[in-house]
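Read the structure below first, then the notes.
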Amino acid sequence: MHDKAFSIYLEEDAILEGVKKVAEQIHRDHAGQRVLFLAVLNGSFMFAADLLKNYEGDCEISFVKVASYHGMSSSGTVSELIGLTENLEGRHVVILEDIVDTGLTLKKVYLSVMQRNPSSLKVATLLFKPDAYKGDLPIDYAGISIPNEFIVGYGLDYDGLGRNLRNIYKII
Ligand code: XMP
Ligand code: MG
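This note's numbering applies: residue 5 is where the sequence shown begins, and numbers increase by one.
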């Protein structure tokens with residue numbers, strides 16, 4: 005893909021096992037509640053689809069996106085959460101991320117959601133890189149913890165390509 009070679013890292017079966025585990029844990033913790041999943045695009049679309057197919061309680065889903073700009077000031081990159089039109093007051097919200105790396109993206113989403121006074125807010129990610137994580141927010145549900153390596157497939161891209169792959173690959 006592009007200029008790099010990739011080798012298989014997680015097979016579809018292992019990924020789906022991680023997805024099911026997360027779906028069951030969320031359901032167990034939200035018994036009798038109606039959950040609003042907020043999936044962070046683009047990467048989480050495949051995880052979100054499989055997670056909802058495996059979620060046995062009442063739920064709704066909405067999609068958000070983090071847009072980053074390189075501003076003209078020295079402060080570097082600024083980001084903005086777009087697509088959050090839902091009224092979150094009184095809702096039980098679960099953020100769905102494909103991968104939590106440093107945790108900066110998650111923090112942006114989390115704080116924006118928190119400002120809207122949900123009844124509860126939890127974080128679910130399919131993939132988690134504990135060695136790269138610099139955040140202080142709890143990762144309530146993590147499907148699969150992985151080493152600090154760049155991976156692609158199952159929604160995750162390498163410069164736009166690879167989101168359609170069923171398995172997850174790493175650069176060799
Ligand atoms: P942070 O560092 O903010 O990163 O937690 C989160 C976002 O960065 C992307 N990301 C990756 N994308 N392979 C990818 O294809 C990776 O190994 C990887 N690590 C981070 C991803 O978009 C995620 O939402
Ligand atoms: Mg990407």
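The beta carbon of each residue, even a glycine, is placed where N, CA and C say it ideally should be.
- Does DSSP put Asp102 in a helix, in a strand, or in coil? To locate residue 102, count along the sequence shown from 1; it is residue 98. Strand, per DSSP.
- Taking contact to mean at least 3 C-beta pairs separated by less than 8 Å, is the stretch 28-35 in contact with the stretch 151-170? Using a Cβ-Cβ distance cut-off of 8 Å, the stretch 28-35 and the stretch 151-170 are not in contact, since fewer than three pairs of beta carbons, one from each stretch, lie closer than that value.
- Item | Among Ile155, Ala136, Phe132 and Asp140, the one whose alpha carbon lies nearest that of Ile148 | By one-based count along the sequence shown, residue 148 stands at place 144. The option with the nearest alpha carbon to Ile148 is Phe132.
- Message: Does Met118 pass the burial test, meaning 16 or more other C-beta atoms within 10 Å, or should it be called exposed?
- Response: Residue 118 sits at position 114 when you count from the first residue of the sequence shown. By the neighbour-count definition (other C-beta atoms within 10 Å, threshold 16), Met118 is an exposed residue.
- If I'm right that Leu130 touches Gly22 with Cβ under 8 Å, what's the distance once you round it to whole angstroms? Mapped onto the sequence shown, residue 130 falls at position 126. Mapped onto the sequence shown, residue 22 falls at position 18. For Leu130 against Gly22, the beta-carbon gap comes to about 6 Å, under 8 Å, which counts as contact.
- Task: Compute every distance between the C-beta of Tyr150 and the non-hydrogen atoms of ligand 1, then say whether any falls below 6 Å.
- Result: Translated into positions along the sequence shown, residue 150 becomes position 146. In the sequence under discussion, the amino acid at residue 150 is Ile, which differs from the Tyr named in the question. No, the beta carbon of Ile150 sits no closer than 6 Å to any heavy atom of ligand 1.
- Less than 6 Å between the CB of Ile103 and some heavy atom of ligand 1, yes or no? Counted from its first residue, the sequence shown places residue 103 at position 99. Flag set: Cβ of Ile103 near ligand 1.
- Query: Going by the beta-carbon positions, is the gap between Leu100 and Ala52 smaller than 7 Å?
  - Reply: For the purposes of this step, residue 100 is taken as the residue at position 96 of the sequence shown. For the purposes of this step, residue 52 is taken as the residue at position 48 of the sequence shown. Yes, the pair counts as a contact, with Cβ atoms nearer than the cut-off.
- Item | Coarse secondary structure for Ile19, derived from DSSP in three states | By 1-based counting over the sequence shown, the position of residue 19 is 15. It is helical.
- Task: To the nearest angstrom, report how far apart Gly164 and Gln37 are at their CA atoms.
- Result: In the sequence shown, counting from the first residue as 1, residue 164 sits at position 160. In the sequence shown, counting from the first residue as 1, residue 37 sits at position 33. Near 37 Å, if we compare the C-alpha coordinates of Gln37 and Gly164.
- What are the residues that DSSP puts in a beta bridge with Leu40? As a working mapping, residue 40 is identified with position 36 in the sequence shown. Its beta-bridge partners are Glu64 and Val97.
- Count the C-beta pairs between the stretch 38-47 and the stretch 95-115 that are closer than 8 Å, then say yes if the count reaches three, no if not. Short answer: they touch.
- Query: How many angstroms separate the CA atom of Lys126 from the CA atom of Ser11?
  - Reply: As a working mapping, residue 126 is identified with position 122 in the sequence shown. As a working mapping, residue 11 is identified with position 7 in the sequence shown. Going by the C-alpha atoms only, they are around 33 Å apart.
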